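Residue numbers (full-length UniProt numbering), protein chains in the order written: chain Y, 1 to 246; chain W, 1 to 246. We put the beta carbon where it would ideally sit given N, CA and C, even for glycine. The structure presented is a predicted model; accordingly, all values stated were derived computationally and were not measured.
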DNA sequence: CGGATTATTGATACTGCTCAAACCATGTGG
DNA sequence: CCACATGGTTTGAGCAGTATCAATAATCCG
């Protein structure tokens, strides 16, 4: 249930924080530098959900635009045999809906960590996209980012062995989670091995063997509930070695 | 080369045929019944390309909106080790670009069969999308169709064994290629086994073994350069049997 | 007819899955 | 504070499913 979570701040049109989603949209607008006051004027409501909550169920019709304010979520599907495929992970600033128009979801979205959801009104956003120059294009660009991730995912699943898939997944998540994009410091990925394995089509057992090996080499460290990537560049180097070995 | 093909009709703003892309867009518009004359007024140019031609190269900046007028194409990536991943197949009416704004492609698009490309002007479409009510939403809906296919693809690659993947792929292509959507008649899929195998992460050898088995059961028939699906419903039944067996 | 692409078949090797179990961390209620 | 339940992690042994290598056959095209 979407209203299950502890409500952080609720009911006020004006939030004291800026939505990461709007910040990203603003950066994509042609109107050069700072965030447009028009964008900030649009109201949204924040809801906090605990780990594991369902954000958007498959089959549901969406009347609001949900975005990740803070934390990690995932798009996923449950299969008839009970197994689960994680389609992609969503981080702060990502949009949960396919687009800003009402739709029916063909997959679910759930909270991987505790999550803050910033909820906008479809009509308001649609109205803005008709009036603010460049906004529509910005939304397409954001959507295209997610599509690129899916294409990478398909390529990874189709043409790489287990080890390469693990490396690519960790690399992608590290980069998206490190705010600065390409910094050198360690990044903690707060996702269980089972979930990570479900994303790249491995059993959690095999996944564990692979990262166990990577742990011995000091590239990552494991802890309950997450993985610490010590150095993204080491990760990339390992990936290149793999390609070279083939 | 994009200009390599035999040109079917060229240089005239007014085509004697309607672009399948525009027809689909028109059907998604709220303005009820028939295709809006405004949509038909927009000019486009058709180019015919032979099998195997490159339609859009990876890394290219796109200044036109390319759509499939006739035939089959594919989105694909080439990997450093020389192998190829087919990300998805594109049929008549599908858009090749990620969206109608200029972008850089992170993957290539090539003709699987002989193909007619209907090429629109970015600016014209953007202009239309700002003036025609519902057009922008229609474009998002079309894009979302492709995204749904990618999500299916990811799920298939991640959680199904080879046989199930083959069945899903053939089913998807049969449905998209049969104009009537859900008809009973046989459908011919004009794609080599190697390409189909490259889509679902199999070797063409293993792919061949699987469809050989399906051929013995009369569900499909093979011929050089393509596969004939005798009955989509039989295909679905086989898929359900697989699920039940698991 | 000769060369090129595509399809098919066989034998063998290896990746990653399955099953089974132990271990560890965390939280819960008595 | 301890006993227990829970969910996550780690380890082992054996097997199933696919890849790989190698070759042959069918088909098409010039």
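Identity of the residues DSSP links to residue i by a beta bridge
{"i": "residue 120 (chain Y)", "result": "Y:65"}
{"i": "residue 96 (chain Y)", "result": "Partner(s): none; residue 96 (chain Y) has no beta bridge."}
{"i": "residue 88 (chain W)", "result": "W:75"}
{"i": "residue 56 (chain Y)", "result": "Y:109"}
{"i": "residue 43 (chain W)", "result": "DSSP output for residue 43 (chain W) lists no bridge partner at all."}
{"i": "residue 70 (chain Y)", "result": "Y:116"}
{"i": "residue 187 (chain Y)", "result": "Y:229"}
{"i": "residue 177 (chain W)", "result": "Answer is none; residue 177 (chain W) lacks a bridge partner."}
{"i": "residue 49 (chain W)", "result": "W:115"}
Per-residue DSSP class, three states only, for residue i
{"i": "residue 219 (chain Y)", "result": "coil"}
{"i": "residue 79 (chain Y)", "result": "coil"}
{"i": "residue 13 (chain W)", "result": "Reliability of the predicted coordinates at residue 13 (chain W) is poor, the pLDDT of 41 falling under 50, and no value is obtained from them."}
{"i": "residue 192 (chain Y)", "result": "coil"}
{"i": "residue 111 (chain W)", "result": "strand"}
{"i": "residue 104 (chain W)", "result": "strand"}
{"i": "residue 170 (chain W)", "result": "helix"}
{"i": "residue 226 (chain W)", "result": "strand"}
{"i": "residue 243 (chain W)", "result": "helix"}
{"i": "residue 139 (chain Y)", "result": "helix"}
{"i": "residue 202 (chain W)", "result": "coil"}
{"i": "residue 28 (chain W)", "result": "helix"}
{"i": "residue 156 (chain Y)", "result": "helix"}
{"i": "residue 18 (chain Y)", "result": "coil"}
{"i": "residue 38 (chain W)", "result": "helix"}
{"i": "residue 161 (chain W)", "result": "coil"}
{"i": "residue 134 (chain Y)", "result": "coil"}
{"i": "residue 1 (chain W)", "result": "In this prediction, residue 1 (chain W) scores a pLDDT of 32, lower than 50, which makes its location untrustworthy; the coordinate-derived value is nonetheless stated afterwards. Residue 1 (chain W): coil per DSSP, three-state reduction."}
Alpha-carbon to alpha-carbon, residue j and residue i
{"i": "residue 137 (chain Y)", "j": "residue 76 (chain Y)", "result": "27 Å"}
{"i": "residue 106 (chain Y)", "j": "residue 196 (chain Y)", "result": "21 Å"}
{"i": "residue 54 (chain Y)", "j": "residue 222 (chain W)", "result": "45 Å"}
{"i": "residue 112 (chain W)", "j": "residue 191 (chain W)", "result": "7 Å"}
{"i": "residue 231 (chain W)", "j": "residue 172 (chain W)", "result": "13 Å"}
{"i": "residue 92 (chain W)", "j": "residue 20 (chain W)", "result": "6 Å"}
{"i": "residue 131 (chain W)", "j": "residue 184 (chain W)", "result": "41 Å"}
{"i": "residue 66 (chain W)", "j": "residue 119 (chain W)", "result": "5 Å"}
{"i": "residue 108 (chain Y)", "j": "residue 56 (chain Y)", "result": "5 Å"}
{"i": "residue 165 (chain Y)", "j": "residue 156 (chain Y)", "result": "6 Å"}
{"i": "residue 49 (chain Y)", "j": "residue 228 (chain W)", "result": "50 Å"}
{"i": "residue 82 (chain W)", "j": "residue 240 (chain Y)", "result": "15 Å"}
{"i": "residue 168 (chain Y)", "j": "residue 139 (chain Y)", "result": "26 Å"}
{"i": "residue 73 (chain Y)", "j": "residue 125 (chain W)", "result": "35 Å"}
{"i": "residue 189 (chain W)", "j": "residue 68 (chain Y)", "result": "41 Å"}
{"i": "residue 245 (chain Y)", "j": "residue 237 (chain Y)", "result": "12 Å"}
{"i": "residue 193 (chain Y)", "j": "residue 204 (chain Y)", "result": "6 Å"}
{"i": "residue 17 (chain Y)", "j": "residue 84 (chain W)", "result": "45 Å"}
{"i": "residue 199 (chain W)", "j": "residue 170 (chain W)", "result": "11 Å"}
{"i": "residue 235 (chain Y)", "j": "residue 29 (chain W)", "result": "48 Å"}
{"i": "residue 39 (chain W)", "j": "residue 42 (chain Y)", "result": "33 Å"}
{"i": "residue 71 (chain Y)", "j": "residue 213 (chain W)", "result": "48 Å"}
{"i": "residue 175 (chain W)", "j": "residue 133 (chain W)", "result": "30 Å"}
{"i": "residue 247 (chain Y)", "j": "residue 187 (chain W)", "result": "The structure shown does not extend to residue 247 (chain Y), since chain Y is modelled only from 1 to 246, so the question has no answer here."}
{"i": "residue 46 (chain Y)", "j": "residue 101 (chain Y)", "result": "20 Å"}
{"i": "residue 159 (chain W)", "j": "residue 88 (chain W)", "result": "18 Å"}
{"i": "residue 51 (chain W)", "j": "residue 114 (chain W)", "result": "4 Å"}
{"i": "residue 217 (chain Y)", "j": "residue 79 (chain W)", "result": "27 Å"}
{"i": "residue 22 (chain W)", "j": "residue 215 (chain Y)", "result": "54 Å"}
{"i": "residue 98 (chain W)", "j": "residue 63 (chain W)", "result": "12 Å"}
{"i": "residue 220 (chain W)", "j": "residue 177 (chain W)", "result": "15 Å"}
{"i": "residue 149 (chain Y)", "j": "residue 179 (chain Y)", "result": "18 Å"}
The ligand ATP heavy atom lying under 8 Å from the CB of residue i
{"i": "residue 163 (chain W)", "result": "Among the components of this structure there are no ligands whatsoever, and the ligand ATP is therefore not found."}
If the cut-off is 7 Å on Cβ atoms, which residues from the region 87–98 of chain Y count as contacting chain W, listed in chain order? If you check each beta-carbon in the region 87–98 of chain Y against every beta-carbon of chain W, the ones closer than 7 Å belong to 87, 98.
Closer than 8 Å between beta carbons: that is the criterion. Which residues of the region 70–82 of chain W meet it against chain Y? Against chain Y - using a Cβ distance shorter than 8 Å - the residues of the region 70–82 of chain W are 75, 77, 79, 80, 81.
Against chain W: residues of the region 235–246 of chain Y by CB proximity under 7 Å: Hits within the stretch, in order: 243, 246.
Against chain Y: residues of the region 149–165 of chain W by CB proximity under 8 Å: Contact residues of the region 149–165 of chain W toward chain Y are 150, 151, 153, 154, 155, 157, 158, 159 (C-beta to C-beta distance below 8 Å).
Looking at chain Y, which residues of the region 104–137 of chain W have a Cβ within less than 7 Å of any of its Cβ atoms? 106, 107, 136, 137
Taking any Cβ of chain Y, which residues in the region 217–228 of chain W have a Cβ under 8 Å from it, in chain order? none
To be precise: take each residue of the region 190–203 of chain Y, compare its Cβ to all Cβ atoms of chain W, and keep it if any distance is under 8 Å. Which residues remain? 198, 199, 200, 201
Give, in chain order, every residue of the region 21–46 of chain Y whose Cβ lies closer than 8 Å to some Cβ of chain W. none
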